[in-house]
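Q: I'd like to ask some things about the structure below.
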Amino acid sequence: MRHIESGYIASDIVRSKGVLVAMPGNVVELRSKFKMIDKPWSPHIVAEFNGLHVKLAKAHGEFLWHTHEETDEVFLVHRGSVEIQMRNRPSAHLSAGDLFVVPAGLEHRPVADAECEILLIEPAETPNTGDAATATAEVWI
Ligand code: NI
């Protein structure tokens with residue numbers, strides 16, 4: 003395997019319109035990808051399909067309250083547990099293997115007492131804070 007950029011391995015990716023894209027048909031090893039993430043609330047992209055990004059993030063502590071006005075947000079818990087707090091609704095308590103969709107326009111805040119690994123699916127360019135000005139820059143791993 004040949005490293006073509008820091009963090010990227012040539013066999014894992016192809017370039018499409020200048021953007022690095024997980025190669026369809028390649029296995030993405032989530033356990034090894036999660037090991038590359040060293041801080042919470044920092045989504046990293048591992049695949050793209052049909053205009054959607056599959057992202058991995060570690061959750062630990064409280065994220066900020068935020069809203070994605072136009073897009074639903076899929077949470078799949080890989081390891082640990084996380085509470086999805088929602089404005090004017092009961093929280094969703096998710097454990098490893100649980101899937102939850104936060105509806106577009108609903109204010110929410112993920113909270114994890116201990117480190118938790120989550121997979122997110124949402125349209126490319128969706129800011130993780132709901133606001134491009136405050137969003138975390140998302141990189142491919
Ligand atoms: Ni969100």
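Reading the sequence shown from the start, the letters are residues 3 to 143 in the working numbering.
Glycine included, every Cβ here is placed at the ideal spot set by N, Cα and C.
How would you write the range of the alpha helix (DSSP H) that residue 65 sits in, first residue to last?
A: Per DSSP, residue 65 belongs to no alpha helix (DSSP H) and is neither H nor E.
Q: Within a Cβ cutoff of 8 Å, which residues of the same chain sit near residue 109, ignoring the five residues on either side of it in sequence?
A: Excluding sequence neighbours, residue 109 sits near 67, 68, 69, 88 and 89.
Q: So, for residue 36: in the same chain, excluding its five sequence neighbours on each side, which residues have a beta-carbon less than 8 Å away from its beta-carbon?
A: So the list reads 58, 60, 80, 81 and 119, once near-sequence residues are dropped.
Q: Throw me the rounded Cβ distance for the residue 77 and residue 104 pair, which I believe falls under 8 Å.
A: Contact holds; Cβ gap of about 7 Å.
Q: If the criterion is Cβ atoms closer than 8 Å, does the pair residue 32 and residue 124 meet it?
A: It is not a contact, given that the beta carbons lie outside the stated cut-off.
Q: Between which two residues does the alpha helix (DSSP H) containing residue 89 stretch?
A: Counting along the chain, residue 89 falls outside any alpha helix (DSSP H), and DSSP gives it neither H nor E.
Q: Pull up the distance between the alpha-carbon of residue 121 and that of residue 56, whole angstroms please.
A: So the two alpha carbons sit approximately 7 Å from each other.
Q: To the nearest angstrom, how far is it from the Cα of residue 107 to the Cα of residue 44?
A: If you take the alpha carbons of residue 107 and residue 44, they lie about 21 Å apart.
Q: Kindly list the residues whose CB is nearer than 8 Å to the CB of residue 91, restricted to its own chain and excluding five residues on each side of it in sequence; keep chain order.
A: Cβ neighbours of residue 91 beyond the five flanking positions: 108.
Q: With residue 49 and residue 29 assumed to form a contact (beta carbons below 8 Å), what rounded beta-carbon distance in angstroms separates them?
A: About 11 Å separates the two Cβ atoms, so there is no contact after all.
Q: Where do the ends of the beta strand (DSSP E) carrying residue 108 lie?
A: First-last for residue 108: undefined, no H or E at that position.
Q: Which same chain residues end up closer than 8 Å to residue 98 when comparing Cβ atoms and leaving out the 5 residues on each side of it in sequence?
A: Excluding positions up to five away in sequence, the list reads 79, 80, 81, 82 and 83.
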